[in-house]
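J.: Per our numbering, the very first residue in the sequence shown carries number 2; after that it's consecutive.
The beta carbon of each residue, even a glycine, is placed where N, CA and C say it ideally should be.
Since the model is a prediction, treat every value here as computed from it, not as a measurement.
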Amino acid sequence: MIVSHDIQKVRDIIRQQKNRGKTIGFVPTMGALHKGHTSLIRRSAEENDYTVISIFVNPLQFGPNEDFNHYPRTPDEDIEKAKAFHTDLIFHPSAREILGTNMLTFVNIEKLQDNLCGRKRPGHFRGVCTIVTKLFNIITPHRAYFGQKDIQQLFIIKKMVQDLNFSIEIIACPIVREKDGLAISSRNVYLSNEERKDAAVLNQALKQAVKKIEKGETSASVIIDHIKNIIQQKASAKIDYVSIVDKDMKDVHKIKKGDVIALAVYIGKTRLIDNHIVGDRITF
Ligand code: AMP
């Protein structure tokens, strides 16, 4: 496995692999690798000849009062984990390498970012789309792997790839969870023992909502209220949003298959997200 900080070197290696007829799978990450990330890496290694992962804590996607400075950075452990899951190349650029000193061009997606995390974190998806575009241009993968955990990001990247004519297949990968249902996240390390127990309520509330929908409930407001009531029973929880949206990320009144129940909740100071796709099947 090769680890490189250098754009030109990475381009050269990938060109060589493509010249040999190899397919390239790509997994963009911010590092602090966990079982969610390794599920994406494993899938890429299964479906491609050569797997590249990037590790870059992207400053453009953090707001001024967010956790960029404290975000967990574990490069040595990441290298070991990536190796164990058959990564061929880790691209681990510095901010200067990837952002340069005077960037004036940014990628901004309209409408899909106006709700959910995009609404709560202004500029977040502009930062994501800009860096993912740069990474796509550097790596030029055949396939790129994204987790359903960041469901709005997944829909946005899928649309961006269509709109900008990237010749890349976007593969959606299921959410990997802890035993109690908590979606695995690099941010879970921020939680105290007590908070960690409370954090399971996000998925518990989603599961209760799914039960109600399976029994025939179609009103979004009834389901949203039900979820909020469950979450609010935990002392450490503060709801950022609970929404049910269609594939255009627009709030729905009547729930149908393919809609997304999405939520963001502060557990103490840690903002966690989770979601469920009604009918369990993603429809872009
Ligand atoms: P991040 O490092 O948080 O930017 O995540 C990198 C990629 O891993 C994104 O496509 C995430 O959606 C995905 N990911 C993060 N956590 C999970 C999880 N628990 N299950 C599946 N995918 C995940």
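Let's see if you can read the secondary structure: which residues bound the alpha helix (DSSP H) around LEU203?
T.: Here the alpha helix (DSSP H) through LEU203 covers 202-215.
J.: Out of THR219, ASP247, LEU203, point me to the one whose CA is closest to ILE231's CA.
T.: Considering only alpha carbons, the answer is LEU203.
J.: Just to confirm, are LYS277 and VAL211 a CB contact at a threshold of 7 Å?
T.: First, the residue type needs correcting, since residue 277 is His and not Lys in the sequence shown. Result yes, Cβ atoms of HIS277 and VAL211 sit closer than 7 Å.
J.: Whose C-beta lies closer than 7 Å to the C-beta of VAL177 among residues of the same chain, with five residues either side of it excluded?
T.: Result list for VAL177: LYS36, GLY37, SER40, ILE185, in chain order.
J.: Going residue by residue through the stretch 76-100, where are the continuous alpha helix (DSSP H) segments of at least 4 residues, counting only ones entirely within it?
T.: If we require 4 residues or more, the alpha helix (DSSP H) runs fully inside the stretch 76-100 come out as 76-85, 96-100.
J.: Is ALA173 near ligand 1, with its Cβ less than 6 Å from a heavy atom?
T.: Checking the Cβ of ALA173 against ligand 1 gives no.
J.: Out of ASP89, GLN62, MET31, which one is the CA nearest neighbour of VAL296?
T.: Absent from the structure is residue 296, since the part of the chain shown begins at 2 and ends at 285.
J.: Could you check if ASP89 belongs to the surroundings of ligand 1, using beta carbon to heavy atom distance under 6 Å?
T.: Incorrect: ASP89 has no Cβ contact closer than 6 Å to ligand 1.
J.: Just to confirm, does LYS198 get its C-beta within under 6 Å of one of the non-hydrogen atoms of ligand 1?
T.: Outside the cutoff, so no.
J.: Counting C-beta neighbours from all protein chains within 10 Å, is the total for PHE57 16 or more, i.e. buried, or is it exposed?
T.: Buried.
J.: Do you know how far the Cα of THR271 is from the Cα of GLY26?
T.: Going from the Cα of GLY26 to the Cα of THR271 covers about 32 Å.
J.: Whose C-beta lies closer than 8 Å to the C-beta of VAL246 among residues of the same chain, with five residues either side of it excluded?
T.: Cβ neighbours of VAL246 beyond the five flanking positions: ASN116, LEU117, ASP252, VAL253, ASP260, VAL261, ALA263.
J.: Any idea what DSSP makes of ARG74, helix, strand or coil?
T.: Residue state, collapsed to three classes: coil.
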